[in-house]
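A.B. asks: I have a structure here, written as structure tokens, and I will follow up with some questions on it.
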């Protein structure tokens, strides 16, 4: 299926990306080429195969790993705040979301 | 011989015999970096003061006898997607150009505990998305063998730094070949451990089911020393293995007699450059002469590995990179109209073209109506590919082949053809799909005198067998001794 500019516009919106006209044109062509290459996978017979949603189910790596609920050390607030926040600010600031 | 030309094991012995001091070695490396950086561009940031401070501290700990590790005092570099407390970690992106992590990645903590001296953070493709280090927001890294060529990627800065003597060793990360391919293009040793062997805590996520951290070094012995230091269970990474980890240096044995080495016929077909193919066939002969039993095998699903890999990797990437909204860390768009405008402009201004392309592709294959046709199909292909490799390992102990179908290409030569670039990952991506360990070691040069890498692939958690084979190859050949003439 051809990847149109409308499809690019739609997925860009889903991905919270803004593309200008030129970027939209280029992406439609390039992503179209890549998707038609991905379509190669359709040849592969997977009718009796379960999808591998979790890696290496039979291994020790997926054992449920829960820690005891113990209070740990917290990070220093100033180190965690965005560098553009005012020094000694207590919060992250975002544009107004409630009118 | 100058200090930057030595290996970890050689320097470690010079340090313990007090023939050199750690501050002296660190100073030499910083001078070397200053001299070569204008030509090569391996580093995004250099931490000169911190390095000299750490060097003095480790020296006094050694003098007091409270530290005993082969990595003590050895100067190294870390790929800039691995978090370092108080030191910028940019992922070579404008998006994280102002990000200073408040903590160390597990591997960084382990290296510091071993007395490592950090010189700086190494260049890479933006968010590790690329195979040439050309998508870095900050700079181009050049291949030390020919500065008109790419060093490979995405850990291009790491591989170039090690081979040029701007670091004694480096850490890289490998999602689809990002340690092995640059090691191959630059003529050094790159090890991608089994998925789960090395903690990903503090590694900026690209594709979480594929990412692994590993060493880039001059020799197999050095890679093994670094692996010993960074492997192990970490409760902060849910996928970290609880297996008791062996001492990998016990696998440094110069003997492959009776070892079964499989060469898949798909790994030496017409798609591989003639010089690369000849070097691989020569490596097979080296192993056979040393008493290994070389068998021809087949992995018939090879034509599907690249599409399956990219669908899975990009789906995971689109979801992992959703966190960059400008609120808690990273680049922020100025004067936003509202929250949506803030988020959209932050992401559009902060990410480069290749990252946007991959986010869009990942979003597409996960979107309603395409999820089953692409993402779910790729997960089924993943099960088949994993099964095929397990089946191949019934006939052999390790699988060998090329790392890349070509040697290092010219800067700018392939960047505008994403499909072609993706296809060249064919020999590295199946290893990540199946969670296997693999190593790239030097095995020859092409007609342009550019290094060729040999890939050794092992069974899950069977690093010792690939280390043993790689070590034996290295002990019986001279390819790893060649160094680019760059000064």
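Protein chains in written order, with this note's numbering: chain A, 4 to 102; chain B, 612 to 1098. Backbone N, C-alpha and C fix where the C-beta goes; we use that ideal spot for every residue, glycine too.
1) Is residue 77/A close to chain B, meaning its C-beta is less than 7 Å from at least one C-beta of that chain?
2) For residue 613/B, count neighbouring Cβ atoms within 10 angstroms of its own Cβ and tell me buried if that reaches 16, exposed if not.
3) List, in chain order, every chain A residue whose beta-carbon is nearer than 8 Å to that of residue 938/B.
4) What residue range does the alpha helix (DSSP H) around residue 900/B cover?
5) Find the residues of chain B that neighbour residue 18/A, judging by a C-beta separation of less than 7 Å, and give them in chain order.
6) Looking at C-alpha atoms only, which residue of 724/B, 777/B, 773/B is the closest neighbour of residue 646/B?
7) Is residue 910/B helix, strand or coil when you go by DSSP?
8) Give the DSSP bridge partners of residue 905/B, in chain order.
9) If we count the other Cβ atoms within 10 Å of its Cβ and call it buried at 16 or more, is residue 736/B buried or exposed?
10) Cβ of residue 100/A less than 7 Å from any chain B Cβ?
11) Quick one: is residue 12/A near chain B, going by C-beta distance under 7 Å?
12) Taking only runs that begin and end inside the segment 631-716 of chain B, name each unbroken alpha helix (DSSP H) of 4 or more residues, in chain order.
13) Assign residue 799/B to one of three DSSP states: helix, strand, or coil.
14) Residue 931/B by DSSP, collapsed to three states: which one?
15) Along chain A, which residues have their Cβ under 8 Å away from the Cβ of residue 780/B?
16) With a threshold of 6 Å on Cβ separation, who are the neighbours of residue 641/B within its own chain once the five nearest residues in sequence on each side are excluded?
17) When you compare the segment 907-916 of chain B with the segment 930-950 of chain B, are there three or more beta-carbon pairs, one atom per stretch, that lie closer than 8 Å?
18) Is the CB-CB distance between residue 1067/B and residue 1045/B below 7 Å?
19) Contact between the segment 819-835 of chain B and the segment 789-805 of chain B is defined here as three or more beta-carbon pairs at a separation below 8 Å; is this criterion met?
20) Of all the residues that make up the segment 943-961 of chain B, which are near chain A by a beta-carbon distance shorter than 7 Å?
21) How far does the alpha helix (DSSP H) with residue 1080/B in it reach, from first residue to last?
22) Is residue 920/B close to chain A? Criterion is C-beta to C-beta, closer than 7 Å.
23) Quick check on DSSP: helix, strand or coil for residue 747/B?
24) So, at 7 Å on beta carbons, what are the nonlocal neighbours of residue 1090/B in its own chain, with the 5 sequence-adjacent residues on each side left out?
25) What's the gap between the Cα of residue 15/A and the Cα of residue 934/B?
26) Can a CB atom of chain B be found closer than 7 Å to the CB of residue 88/A?
27) Using the Cβ count rule (16 or more neighbours within 10 Å means buried), how would you classify residue 1013/B?
28) Run through chain A and tell me which residues come within less than 7 Å of residue 732/B, C-beta to C-beta.
29) Among all the DSSP beta bridges, which residues are the ones paired with residue 1012/B?
30) Does residue 991/B get closer than 7 Å to chain A when you measure Cβ to Cβ?
31) Any contact between the segment 78-98 of chain A and the segment 1017-1026 of chain B? By contact I mean 3 or more CB pairs, one from each, below 8 Å.
32) My output table needs one value for residue 1043/B: the three-state DSSP class, helix, strand or coil.
33) If you run the structure through DSSP and keep just helix, strand and coil, what is residue 1098/B?
34) Do you know whose CA, among 1059/B, 893/B, 849/B, 726/B, lies nearest residue 70/A's CA?
35) Does any C-beta atom of chain B lie closer than 7 Å to the C-beta of residue 64/A?
36) Please determine, among 650/B, 1037/B, 1033/B, the residue with the shortest C-alpha to C-alpha distance to residue 879/B.
C.D. replies: Inspection of the coordinates gives the following:
1) no
2) exposed
3) 85, 95, 97
4) 885-900
5) 929, 970, 971, 974
6) 777/B
7) coil
8) 872/B
9) buried
10) yes
11) no
12) 633-651, 659-674
13) coil
14) helix
15) None at all; the shortest Cβ gap to chain A is about 27 Å.
16) 659
17) no
18) no
19) yes
20) 943, 947, 949, 950, 953, 954, 955, 956, 958, 959
21) 1074-1086
22) no
23) coil
24) 1053, 1054, 1055
25) 16 Å
26) no
27) buried
28) The premise fails here: residue 732/B is roughly 17 Å from chain A at the closest Cβ pair, so nothing lies under 7 Å.
29) 1066/B
30) yes
31) no
32) helix
33) coil
34) 849/B
35) Bear in mind that the predicted position of residue 64/A carries a pLDDT of just 48, short of 50, making it unreliable; the figure below should be weighed with that in mind. Interface residue, yes.
36) 1037/B
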